[in-house]
Amino acid sequence: MDEMQMKDEFFGDKGIDTPYERELIDPEVNIEFPEKTSEYQILPDTLNMIERSREFRLSKALMNYQELYDEIQSLLSKIEERNSNDPAFKGFVQALQTSSKNIYELLEIENQHSSHTDSGDFELYGMLFRMGKSISVRMTFLDQYFRTQLTDKTNIDEIEQAELDSISEWEKKENEIAAIYLELSDEIDEAAETEINRLEEEKRVYERLHTTLADVSFIHQNRYLMFSEVVQQAKILVEHPISLIDGDMRYFLKQLSMLPDLSTAKIHLLLLFRQYKEKLQSLKGKYAFIDDIKETFLSEKHYLFQRITRNATDPIRTWLYDQVESASRTLDIFASLMVNAIKRSKEQYEDSMMDLLKFYRKEAVFYYEQIAYLQKKEQIRLFLRIIEDLQETSEITDEWIEKYVKANGYEE
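Residue numbers (the numbering used here): 33 to 444.
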């Protein structure tokens with residue numbers, strides 16, 4: 033797939049009804065454009081941009097991140113609580129919080145406490161901590177660089193209201209322009225032209241702001257959805273790990289008890305656990321490819337071209353439109369350079385969005401694979417525990433199975 037095809041896959045045309053957006057987010061807004069006789073109305077593409085800006089609000093991205101961050105902190109607290117008497121775990125948490133050890137030293141600590149006899153909490157806590165830290169860094173970035181373009185409000189509800197009001201003001205300007213055209217005869221008088229130009233200039237300020245903020249929010253709402261799925265899978269490990277293997281446990285215990293030599297199953301599980309452990313350790317070694325420094329670099333690059341797109345493009349474009357072609361060779365050369373610069377800035381803006389989307393997709397795959405290995409390892413731990421319990425029991429009866437199921441929380 034070439035770069036242009038990839039852009040089409042991610043962005044499609046203007047609006048929320050694109051292939052990539054349909055796949056990741058089910059829009060709440062149902063846009064319909066009733067037929068009207070006049071040619072002077074808000075165009076469908078403009079309405080799409082307005083509704084897209086409402087759907088992909090910066091305030092919504094901030095809210096989603098805050099919600100996910102709070103959920104991660106809740107899971108971290110639960111893991112800390114059940115390891116409150118473990119000095120090694122407390123030291124690990126402190127090292128994470130103070131950054132007193134580098135990533136590879138921390139991963140080695142996780143590895144030392146991730147055997148089949150361990151709980152797996154070191155690895156799970158480390159992964160969730162890093163996800164939470166990344167979300168926190170990005171919330172701060174969005175607040176400092178993008179929220180400040182919109183409002184000086186800091187309360188999230190007030191930010192949301194300010195954003196919605198601003199989008200409504202943009203829509204109002206579009207309606208005012210359409211209304212003037214509706215009232216005009218074939219020719220536009222000077223007063224009407226002056227008013228239209230004023231409104232056009234004002235509405236372009238809103239349009240540039242909200243279309244670029246919608247691009248930012250689109251990127252981060254997609255990331256939120258991908259992160260949220262990983263967190264939900266982590267939640268299973270924290271709150272109800274036995275659900276990973278629970279499904280008619282009584283029947284399974286009865287069948288497993290008939291295996292002539294339970295140690296053979298145990299050997300295979302241990303070998304498989306070792307393979308998963310090695311693969312997970314290798315996977316975690318790729319943290320350097322998704323670190324916060326690289327993410328910040330890509331985000332700052334996108335911010336730079338967002339500012340250029342919002343503030344520096346239209347004034348030049350309007351000025352060029354007013355120039356007389358071939359009036360001056362020097363002017364023609366300068367104009368040609370400006371046209372190429374504007375075109376290149378637009379391409380770089382889109383490229384910066386693509387870079388962030390690809391980075392977050394790679395990041396999501398990294399965490400998806402990691403949580404999958406953690407769940408597989410936990411499944412093996414649970415089955416090993418069951419086998420050991422069966423080996424310690426002289427006679428496996430229906431009564432014993434019933435008590436075992438209830439005592440270990442497998443009651444369906």
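For every residue, glycine included, the Cβ atom is placed at its ideal position computed from N, Cα and C. Here the structure is a predicted model, which is why all the values come from computation and not from measurement.
- A straight line joining the alpha-carbon of residue 255 with that of residue 377 spans about 25 Å.
- Following the DSSP letters along the chain, one finds residue 234 inside the alpha helix (DSSP H) bounded by residues 222-271.
- One thing to note: residue 396 has its Cβ no nearer than 7 Å to the Cβ of residue 290.
- Contact annotation: the region 81-89 touches the region 239-246, with at least three C-beta pairs closer than 8 Å.
- Between residue 139 and the set 149, 148 and 125, the nearest pair of CA atoms involves 125.
- Nearest in C-alpha terms to residue 371, of all of 359, 355 and 384, is 355.
- With a cutoff of 7 Å on beta-carbon distance, residue 159 and residue 97 are scored as not near each other.
- The C-beta of residue 341 has 16 or more other C-beta atoms within 10 Å across all chains shown, which makes the residue buried.
- The three-state secondary structure of residue 73, taken from DSSP, is coil.
- Linking residue 87 to residue 78 through their CA atoms gives a straight-line distance of about 14 Å.
- Taking each of 229, 415, 295 and 251 in turn and checking the Cα distance to residue 383, the smallest one comes out for 251.
- Residue 287 is classed as exposed because its beta carbon has fewer than 16 other beta carbons within 10 Å across all chains shown.
- Per DSSP, the continuous alpha helix (DSSP H) segment holding residue 430 begins and ends at 430-439.
- Taking every protein chain shown into account, the CB of residue 338 has 16 or more other CB atoms within 10 angstroms, so this residue is buried.
- DSSP, reduced to helix, strand and coil, places residue 148 outside both helices and strands of the structure shown, so it counts as coil.
- Excluding sequence positions up to five before and after residue 285, its CB lies within less than 8 Å of the CB of 418, 422, 428, 433, 436 and 437, all in the same chain and listed in chain order.
- In this structure, residue 148 places its C-beta atom within 7 Å of the C-beta atom of residue 413.
- For residue 91, the CB contacts under 6 Å within the same chain, skipping 5 residues up- and downstream, are 191, 192 and 195 in chain order.
- Along the length of the region 269-307, whole alpha helix (DSSP H) runs at least 4 residues long occupy 281-288, reported in chain order.
- Pairing residue 270 with residue 110 gives a Cβ-Cβ distance under 7 Å.
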